[in-house]
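Enquirer: Following my numbering, the numbering of the sequence shown begins with 2 at its first residue and continues without gaps. One structure is given below, represented as C-alpha cells, and several questions about it will come after.
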Amino acid sequence: METIRLPRVMMDTAWKERLHGKGIGLVPTMGALHEGHLSLIRAARAENDMVVASIFVNPMQFAPGEDLEKYPRDMAADMEKLKAADVDILFAPEAASMYPKDFSTSVSVRGISGRLCGAFRPGHFDGVATVVLKLFNIVQPARAYFGLKDYQQTLVIRKMAKDLDLSLEIVLCPTQREADGLAMSSRNAYLSGSERAAAPVLYRALREGAAAIRDGERKTAPVREKIHSVLRSEPLVNGIQYASAYDPESLEEPEKIKGNSVLLAAAIRIGACRLIDNLILNDLK
Ligand code: AMP
C-alpha cells in the first residue's frame with residue numbers, strides 16, 4: 002500500500018491510473034477504523050480496479066466546541082487494517098494542504114443540510130459537502146462508498162452529485178453493528194463501561210418505533226412517543242436531540258407516514274458522547 006500526503010501527488014497518481022483505464026473506488030473516512038469502514042472497503046475492492054481510502058479529520062465539518070481536538074486518531078493501527086484489506090493507496094492529507102490560508106470556498110446543499118443533525122451542528126454538512134467534493138476532484142473515483150449509518154450525509158452527497166453533475170457513482174452500504182445492536186462508530190470509544198452498556202437503547206428505541214409502524218401505525222406522533230419513551234427509560238440518556246419518523250428524501254417530519262418507505266432516525270447524548278442511528282423501512286403497504 003502506498004501512502005500519499007499531498008493532494009497534488011494524489012491527483013497526478015489518479016490521472017495516470019485513469020489514463021491506463023483503471024477505475025478507482027474511493028472510501029472517505031476520518032480514521033479510527035472499525036468494521037463499518039472495512040465493510041465499505043470490501044465493497045470498493047469487489048467493484049473497482051483500484052481502491053483509495055482517505056483518512057482526514059476534516060476541521061471544516063466540526064462546529065466550534067465540538068470534538069475536533071479529541072477525535073480518536075490511530076494512524077499506525079489504521080494503516081495495518083488498510084493493508085490487510087488490500088487497499089492500494091491511503092490518501093492522508095494534512096489540514097494545511099487541504100485548506101491553505103487563503104481557502105474561501107464552501108459547498109452548501111440547501112434545505113436538507115439544515116434538518117436533523119444539521120439543526121444541532123451548524124455548518125456541519127457544508128463542511129462535509131466541501132471536503133467530499135475536494136476528495137472527488139483529487140481522487141477522481143468512478144465510485145465512492147458511504148455508510149447508511151450517516152443517512153443524512155448520504156442524502157447531502159447524493160444531492161450535491163446530482164446538482165453539480167458529478168460523474169461518479171455513489172454507493173451506499175448498510176450499517177454495521179455490534180452484537181448488541183449498537184451501530185459501530187469511532188466515537189463509541191468515548192463511552193465509559195456503563196455508558197457502553199446503556200448505548201444499545203438507541204437501536205432498541207428505533208426498532209420499537211419500526212415495530213409500531215409494521216403493526217399498522219401511520220400517525221407520526223405515537224411512533225415518536227414510542228421511541229422517546231424507550232429512550233427515556235434509560236437513565237444514562239441525558240439528552241434527545243431528535244428522534245422520530247421522517248420522510249426519507251426531504252427529512253421532514255410528516256403528520257402521517259405516507260408512501261412505502263420511512264426513515265426512523267435519532268440523535269441522543271449518553272454522558273459526553275453524541276450518538277446517532279437510523280433505520281429505513283421499505284415496502285410499507
Ligand atoms: P467516518 O470515519 O465516521 O467519517 O465514516 C467514514 C465512512 O464510514 C462514512 O461513509 C460512514 O457512514 C461510514 N461508516 C461509519 N460507521 C459505519 C457503520 N457502523 N456501518 C457502515 N458504515 C459506517
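Cβ atoms here follow ideal geometry from the backbone N, Cα and C, with glycine treated the same way. Because the structure is a prediction, the values reported are computed rather than measured.
Judging by CA-CA distance, which residue of Leu285, Lys286, Ala266 is the nearest neighbour of aspartate 278?
Expert: With distances taken between CA atoms, aspartate 278 lies nearest to Ala266 out of Leu285, Lys286, Ala266.
Enquirer: Can you list, in chain order, the residues of its chain with a C-beta nearer than 7 angstroms to that of valine 157? Leave out the 5 residues immediately preceding and following it.
Expert: Answer for valine 157: Val110, Ile113, Ser114, Phe126, Val129, Ala130, listed in chain order.
Enquirer: Tell me the rounded alpha-carbon separation between glutamate 235 and alanine 199.
Expert: 7 angstroms
Enquirer: Verify whether the separation of the beta carbon atoms of serine 187 and histidine 35 is less than 8 angstroms.
Expert: Yes. Within cutoff.
Enquirer: Taking the DSSP output, what are the residues bridged to proline 29?
Expert: For proline 29, which the question treats as bridged, DSSP gives the partners Ser55.
Enquirer: Quick one: what does DSSP say lysine 257 is sitting in, helix, strand or coil?
Expert: strand
Enquirer: Are the segment 197 to 216 and the segment 44 to 58 in contact at 8 angstroms, needing three or more beta carbon pairs?
Expert: Contact fails between the segment 197 to 216 and the segment 44 to 58, because fewer than three Cβ pairs, one in each stretch, are under 8 angstroms apart.
Enquirer: When DSSP labels each residue in this structure, what does alanine 184 get in the three-state scheme?
Expert: strand
Enquirer: At a threshold of 7 angstroms, does threonine 30 count as lining the ligand AMP (C-beta to nearest heavy atom)?
Expert: Yes - the ligand AMP has a heavy atom lying nearer than 7 angstroms to the Cβ of threonine 30.
Enquirer: Secondary structure at lysine 102, three-state DSSP: helix, strand or coil?
Expert: coil
Enquirer: Is the beta carbon of arginine 6 closer than 8 angstroms to that of glutamate 95?
Expert: Yes; because the gap between Cβ atoms is below 8 angstroms, this pair is in contact.
Enquirer: Here's a check: name, in chain order, each residue in its chain whose Cβ is nearer than 8 angstroms to the Cβ of isoleucine 90, leaving out the five neighbours to either side.
Expert: The beta carbon of isoleucine 90 is closer than 8 angstroms to those of Met2, Glu3, Thr4, Ile5, Met11, Thr14, Met51, Val52, Val53, Ala54 in its chain, skipping five residues each way along the sequence.
Enquirer: Just verifying my parser: in three-state terms, what is the DSSP assignment at leucine 276?
Expert: Shown here, leucine 276 sits in a strand according to DSSP, grouped into three states.
Enquirer: Under three-state DSSP, which class holds threonine 176?
Expert: coil
Enquirer: Report all residues from its chain with a CB closer than 6 angstroms to the CB of alanine 162; omit the five preceding and five following residues, and keep chain order.
Expert: Excluding sequence positions up to five before and after alanine 162, its CB lies within less than 6 angstroms of the CB of Ile171, all in the same chain and listed in chain order.
Enquirer: Taking buried to mean at least 16 other C-beta atoms within 10 Å of its own C-beta, is proline 101 buried or exposed?
Expert: exposed
Enquirer: Quick check: tyrosine 1 and valine 58, are their CB atoms within less than 8 angstroms of each other?
Expert: Past the edges of the chain, shown from 2 to 286, lies residue 1, and the structure says nothing about it.
Enquirer: Would DSSP call lysine 71 helix, strand or coil?
Expert: coil
Enquirer: If I measure Cβ to Cβ from valine 108 and keep anything under 6 angstroms in the same chain, skipping five residues before and after, which residues do I get?
Expert: Ala130, Thr131, Leu134
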